[in-house]
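Using my numbering, the first residue of the sequence shown is number 19, and each one after it goes up by one. Glycine included, each C-beta is placed from N, C-alpha and C at the ideal position. The structure appears below as structure tokens.
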Amino acid sequence: MSLRNHFLLDTNVVFLKHGSFGACPRPVFEVYQQWQRQLEHQPVQF
19 MSLRNHFLLD
29 TNVVFLKHGS
39 FGACPRPVFE
49 VYQQWQRQLE
59 HQPVQF
């Protein structure tokens, strides 16, 4: 699997600078979304 497949970046664009800021790897973003859903489900308990 290509390293590019680990990101949600647009495949029609060539990103030349990814050091200062950039996309999260797909697995990291998926875990972030899980935590975000948990927070939205019960923000008081979180």
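Where residue i falls: helix, strand or coil (DSSP)
i	result
P61	coil
F33	coil
F25	strand
Between the CA atoms of residue j and residue i - distance to the nearest angstrom
i	j	result
L26	A41	7 Å
V32	H59	37 Å
P61	V46	21 Å
R22	F39	16 Å
L57	Y50	11 Å
Own chain partners of residue i with C-beta closer than 7 Å, once the 5 adjacent residues on each side are dropped
i	result
K35	none
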